[in-house]
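The sequence shown runs 217 to 758 under the numbering used here. C-beta: ideal position from N, C-alpha, C; glycine also. None of the values given here were measured: they were computed from a predicted structure. Reading through the structure tokens given below for one structure.
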Amino acid sequence: MRKTSLALAVVAFGAQTVLFFACSSAPEEAGDSCELDGDPCPAGTVCQANADDETICKVVLGGTCDPEADEDICENGSVCATNRDGKSECGIPEGEECDPTLEDPNCAGDNVCAELEAGGYACYPPVLVRGRVFDAETDTGIASAHVLGLDDQATAITDIALSAADGKYELDLPVARHEDGSPVDIIFTLRGSAQDYQTFPSGLRTSLPIETNTATKPDNDIGYIIQLPLTDISLIGLPEEERGQPSISGTVKADDQSAGVLVVAEGGEGIARSAISDAGGAYTIFNVPGGAYTVSGYAAGVALQPASADVAAEAVAGVDLLKADIELGSISGNIQIVNGGGASTTSVVLVVESTFSETFVRGEVPRGLRAPLSGPPTITGDFTIANVPPGKYVVLAGFENDGLVRDPDPNIAGTQILHTEMPSPGVELSAEDSFKVTGALEILSPGAEDPEPVSGNPTFSWVDDSSEDFYSIVVYDAFGNLVWENQDLPSVSGGNVSVEYAGPALEKGMYYQFRATSWRSPGGEPGPISQTEDLRGVFFAE
């Protein structure tokens, strides 16, 4: 109903004065009739013509509206829609242009201002990653876990999502769109962390890639949904004596380089705990023992000032990392591929030294500290990793699944683990420090590609080396504890090698890795020839 009020008009006819009462506009709320040059509309509305050329008070963009009112109640073609929080506001319709630089782009309902593959931005339904964070042993949900999405360069592309009481989480994934609003195909990974749990990925566990082309759009849902077994994250509980420890949190303040920074808290006795900053630069490092820490940030292309944190019984917040005016450098060197077994290219990465595990021969690789910078391995000889911030690093070659491993023979040059420090302007590794890599032993099971479930006593199998005198095998749990080993397995003449696990009972929900090494004794003194790859052979007990 359009509201009107009575107005008094006075008209003089000769000697007589006549009083008239007439209806005129008196707008009081959205939907009331108004005059473009007449009485003003109430706050939060403007006088505009609707589809019937009537002038009414319309709700401004972003203003609260009534979805049961006239369809044309919002200004300038915007629509009244209700979002997942129950708020009804006037917003830009789906498929229409929006401005991502605004604090609130005012897309209608739950739509987001998404980048278009063809250029520009428009309002489209969100792309949501849904899953569950749960205890690997008990399968119970973990509340208040942090879940973060990273791109294929380990750069955070999302804010942090917190899991609910049942462990379920929902993560908004910003991704460019096709013309119809569907997400373009990208690869991303997930990182999960929580109080009293080992961070995922870490130790021997890696995060497997997820593709956005798996997204579906249910009719009764608010957007494009990615929900797969890979979006469920199992976390391994810490030993009882390591539980109940506080956290360190803060923000990386490096402008457009704040996202995806590896933040490491380094304390005494070799203690190091880490996190990755989210799209806004926020980070939280869980499970930090009491003591004094230096908190540093690592990422290609940016140097950050270290900060200090004294941890006691309570969480420490506000430990921010600011940009430092320090010159970046580069690390250069050379690799030699010997007996590659058909593999001819590899990659080189820098691991922050304090996060490096001698057991797993791996650690945290900051974003961008890899050669080649992206894509499949292409290094055949010389390499350079540029824009390296100051710090202590371990240089690893043949680390990724490329059919190659670092030559395990410690008695020849180029096979030792290389530690280096990054001063400005750079480091040129010597010829003596060049890497020798060789063909890896091919794993058949378990964990030939991805972590595999096992029950009982698993059988480990790999392809025969053909030139070995004997084999050895070790099994580690996710914390780096040696669970079982056999240092004298007989050689095999062609075919495959198989050995049954003969160690203590495997713990339900625990992750393990087996590593096999081939040995030769040409002069009586045994020496290793090759090993299984660094990231394969991972399994977990059902």
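For R459, the nearest candidate out of S450, Q443 and Q414 (CA to CA): Among S450, Q443 and Q414, the Cα nearest to that of R459 belongs to Q414.
| Using the C-alpha atoms, what's the distance from Q632 back to P706? | Rounded to the nearest whole angstrom, the CA to CA distance from P706 to Q632 is 27 Å.
**Message:** Let me check understanding here. Comparing Cα to Cα, which of S573, T467 and P744 lies closest to Y609?
**Reply:** Y609 has its Cα closest to that of S573, out of S573, T467 and P744.
Buried or exposed (CB count within 10 angstroms, at least 16 for buried), N673:
Its Cβ having fewer than 16 others within 10 Å, N673 is exposed.
*asked:* Contact between the segment 488 to 497 and the segment 361 to 375 is defined here as three or more beta-carbon pairs at a separation below 8 Å; is this criterion met?
replied: Touching, yes, given that three or more Cβ pairs across the two stretches are closer than 8 Å.
Inset, instruction - Work out the CA separation of C263 and C257 for me, nearest whole Å. - result: Their Cα atoms are separated by approximately 6 Å.
Closest to G279 by C-alpha separation, out of S304, M726, P662 and G484, would be which residue?
For the residues S304, M726, P662 and G484, the minimum Cα distance to G279 belongs to S304.
If you drop the 5 nearest sequence neighbours on each side, which residues of the same chain put their C-beta closer than 7 Å to that of A664?
-> Cβ neighbours of A664 beyond the five flanking positions: R752.
TODO: Name the one or two DSSP bridge partners that M638 has.
DONE: M638 pairs with G607.
Practice prompt. Taking all protein chains shown into account, decide if L620 is buried (16 or more other Cβ within 10 angstroms of its Cβ) or exposed.
Written response: A buried status is given to L620, since no fewer than 16 other beta-carbon atoms sit within 10 Å of its beta-carbon.
Practice problem: Kindly indicate the opening and closing residues of the beta strand (DSSP E) around S677. | Solution: Bounds of the beta strand (DSSP E) holding S677 are T675 to V679.
- Apart from the five residues on each side of it in sequence, which residues of its chain come closer than 6 Å, Cβ to Cβ, to C323? Only G307, I308, C314, C329 and C339 meet the Cβ criterion.
In three-state terms, what does DSSP make of A238?
Low confidence applies here, because A238 scores a pLDDT of 44, under 50, leaving its location unreliable; read the following figure in that light. In the structure shown, A238 adopts extended strand secondary structure according to DSSP, grouped into three states.
Q. Quick one: what's V653 bridged to in DSSP?
A. Partner(s): I553 and R622.
* Do you know offhand how far L660's Cα is from R583's? -> Each residue's alpha carbon lies about 31 Å from the other.
When the distance is taken between beta carbons, is I547 closer than 8 Å to M638?
M638 places its beta carbon less than 8 Å from that of I547.
- [ ] Report, in whole angstroms, the separation of the C-beta atoms of E658 and V690, which I expect to be a contact under 8 Å.
- [x] About 18 Å; that fails the 8 Å criterion.
_Between which two residues does the beta strand (DSSP E) holding S490 run?_
Its beta strand (DSSP E) spans residues A488 to I492.
Could you tell me which of L446, W735 and G545 sits nearest to R407, measuring between CA atoms?
Closest by alpha carbon: L446.
inquiry  = Under DSSP, the beta strand (DSSP E) around I441 begins and ends at which residues?
reply    = Counted as a single uninterrupted DSSP element, the beta strand (DSSP E) harbouring I441 occupies residues Y440 to I442.
_Of the residues S398, V363, I402 and G397, the one placed nearest L387, counting alpha carbons only_ = It is V363 whose Cα lies nearest to the Cα of L387.
**Prompt:** Of all the options G545, A481, G549 and N555, which has the alpha carbon lying nearest to the alpha carbon of A523?
**Reply:** Selection G545, A481, G549 and N555 evaluated against A523 yields A481 as nearest (Cα-Cα).
Original post:
Hey, is the segment 449 to 466 in contact with the segment 498 to 506, meaning 3+ C-beta pairs nearer than 8 Å?
Top reply: At 8 Å Cβ cutoff, the stretches touch.
Margin query: Check whether chain D comes within 8 Å of V527, counting only Cβ atoms and requiring the distance to be less than that.
Written below: Going by chain labels, chain D is absent from the structure shown, which holds only one protein chain.
* To do: Alpha carbon to alpha carbon, how far is S688 from N702? Give it in angstroms, no decimals.
  => When the Cα atoms are used, N702 and S688 turn out to be separated by approximately 6 Å.
Suppose contacts are defined by Cβ-Cβ distances below 8 Å. Is A361 in contact with V345 by that definition? No, these two residues do not count as a Cβ contact at 8 Å.
(message) Within 10 Å of its beta-carbon, does P399 have 16 or more other beta-carbons around it, so buried, or fewer, so exposed?
(response) Label assigned to P399: buried.
*Applying the criterion that 16 or more other CB atoms from any shown protein chain within 10 Å of the CB defines a buried residue, is S746 buried or exposed?*
It is buried - the Cβ of S746 has at least 16 other Cβ atoms within 10 Å.
Extent of the continuous beta strand (DSSP E) run through I187 | Outside the displayed range of the chain (217 to 758) lies residue 187, so it cannot be described from this structure.
* To do: Check whether the segment 561 to 576 touches the segment 520 to 536, taking contact to mean three or more Cβ pairs, one atom from each stretch, closer than 8 Å.
  => These segments do not touch.
Tell me the DSSP secondary structure of D202 in three-state form. Since the first residue of the chain shown is 217 and the last is 758, residue 202 is not available in this structure.
For this session: Check the DSSP bridge columns for N702 and list the partner residues they point to.
Result: According to DSSP, residue pairing for N702 in a beta bridge involves I689.
**Request:** Given a cut-off of 8 Å, decide if C281 and A259 are closer than it, judged by their beta-carbon atoms.
**Result:** The answer is no: Cβ separation not under 8 Å.
Check your understanding: Can you name the residues that DSSP bridges to Y337?
Key -> Looking at the DSSP assignment, Y337 forms a beta bridge with E331.
Q.
Rounded to whole angstroms, what is the Cα-Cα separation between E668 and S379?
A. One C-alpha to the other measures close to 25 Å.
Item checked: Residue burial classification, A238 (beta-carbon count within 10 angstroms, cutoff 16) -> Note on A238: pLDDT 44, under 50, position unreliable in the model; the coordinate value appears next. Flag for A238 reads exposed.
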